[in-house]
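Residue numbers (this note's numbering): -17 to 291. Shown next, in structure tokens, is the structure this report addresses.
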Amino acid sequence: MALNIPGCGCKAQNTCLQCEPFSAAAYKPFVTPSDGPSYVFCPLCRLAWPGWAGDSWRAHPHHAGRSLRFPGVHIVPDLLTADEEQQLMADIDALPWDASQSGRRKQNFGPKTNFNRRKLKMGAFRGFPEFGRWVQARLAREPVLRGYQTIEQCSLEYRPQEGACIAPHIDDCWVWGERVVTVSLLKDSVLTMVKYQGGEDRYNLRDRPPPRAAGEAADPLDWWQLERPPTVRLPMPRRSLLVLEGAARYEWLHGILRDDVTERRVCLALREFTPAFLPGGQHEALGAEVIAQAQNFWTVPPAAADAAA
């Protein structure tokens, strides 16, 4: 769908509030509370509990119902302080924003990728803006991110007046590694997970690492003990860190519903390489070139800051 509407970056079946009046496609939520069982993940006990409201986890430890295991999710509330968030947002907004799909805007720093053709090249990637240095250092303190080497950093902006959302998907498995990282800023939101039931011909899932052995079913429940796969809602509190790995990374689609964008929200999305681009991998030389550039951090040129303002 390339309608050439100013400020709209929608393609294919994606739409925003700017382009929908001129499009045959229309936004339809990919899941609703009435579609089946739903659970909300609690970052504190690391179990999912019956419900839909993204903030219901705050009732911890007074949850109701029978809990559900949902492995591969790590949520760290208050990764940043309020002052750090304010400074980080000032640094992000000092850079220009580009239009993206489904009413979002983005700032992307990383190699140029073509997932369908399985091609990666350096493109214009020359490292990250300076604020990425301390953010990445902060992430390195978290045990789940031990050894994490960021090779892509993307700022994504969601605004309700644009109808911002993101369709359910699995991040590409050929180039992006196991740990999918998101830092949430300005406003709480929710990442909604629905079970992927397609084949391995999508998302380069054939390149995923072997699945880990599942534990024996017991109390709490495992999702396959339910009559149908549930919707699992992952809270993304303001200033928090979310990491997906393992089953949550490879076996569930993740997306953001329009209804869960109530005020301006910005997130930092970071990605690492798969083993194919690391020492000993098939694309080791190209990976080393990208990783070398990823060690660079640059200050925002005054001209860029003026343009962003």
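Note that beta-carbon positions come from the ideal geometry of N, C-alpha and C, so glycine has one too.
_For Val214 and Phe23, believed in contact at Cβ under 8 Å, the rounded distance_ = Mapped onto the sequence shown, residue 23 falls at position 41. Mapped onto the sequence shown, residue 214 falls at position 232. Going by Cβ atoms, the distance from Phe23 to Val214 rounds to 6 Å, so yes, they are a contact pair.
*Buried/exposed call for Asn186, threshold 16 Cβ in 10 Å*: Walking along the sequence shown from the start, residue 186 turns up at place 204. It counts as buried.
*Please list, in chain order, all residues of the same chain as Gly54 whose beta carbon is under 7 Å from its beta carbon, the five residues on each side excluded.*
The residue you call residue 54 lines up with position 72 of the sequence shown. Counting only Cβ-Cβ distances below 7 Å, and skipping sequence neighbours, we find Leu226, Glu227, Gly228, Ala229, Ala230, Arg231.
*asked:* Taking only three categories from DSSP, how would you classify Asp80?
replied: The count along the sequence shown starts at 1 and reaches residue 80 at position 98. Asp80: strand per DSSP, three-state reduction.
_Just to confirm before moving on: does the CB-CB distance between Ser84 and Thr(-3) stay below 9 Å?_
Here residue 84 refers to the residue found at position 102 of the sequence shown. Here residue -3 refers to the residue found at position 15 of the sequence shown. The answer is yes: Cβ separation under 9 Å.
_Sufficient close CB pairs (3 or more, under 8 Å) joining the region 259 to 279 to the region 100 to 109_ = yes
*So is His44 buried or exposed if we call it buried at 16+ other beta carbons inside 10 Å?*
Residue numbering aside, residue 44 sits at position 62 when the sequence shown is read from its first letter. That one is exposed.
_DSSP-derived helix/strand/coil call for Gly263_ = If you number the sequence shown from 1, residue 263 lands on position 281. In the structure shown, Gly263 sits in coil (DSSP, three-state: anything other than H, G, I, E or B).
*Return helix, strand or coil for Ser166, following the three-state DSSP convention.*
Locating residue 166 in the sequence shown gives position 184, where the first residue counts as 1. The answer is strand: DSSP assigns Ser166 an E or B state.
*Local conformation of Ile238 per DSSP, three classes*: Stepping through the sequence shown from its first residue, residue 238 is reached at position 256. Reduced to three states, the DSSP call for Ile238 is strand.
_Can you give me the C-alpha to C-alpha distance between Arg86 and Pro125, rounded to a whole angstrom?_
Against the sequence shown, residue 86 aligns to sequence position 104. Against the sequence shown, residue 125 aligns to sequence position 143. Between Arg86 and Pro125, the C-alpha separation is close to 31 Å.
*Which whole-angstrom value describes the C-beta separation of Pro150 and Leu26, a residue pair presumed to lie in contact below a C-beta threshold of 8 Å?*
As a first step, residue 150 is located in the sequence shown; it is residue number 168 there, counting from the start. As a first step, residue 26 is located in the sequence shown; it is residue number 44 there, counting from the start. Pro150 to Leu26, Cβ: 26 Å. No contact.
*asked:* Within 10 Å of its beta-carbon, does Phe255 have 16 or more other beta-carbons around it, so buried, or fewer, so exposed?
replied: Mapped onto the sequence shown, residue 255 falls at position 273. Phe255 is buried by the Cβ-count criterion.
*Could you check the C-alpha separation between Leu223 and Ala6 for me, to the nearest Å?*
Translated into positions along the sequence shown, residue 223 becomes position 241. Translated into positions along the sequence shown, residue 6 becomes position 24. Roughly 37 Å separates the two Cα atoms.
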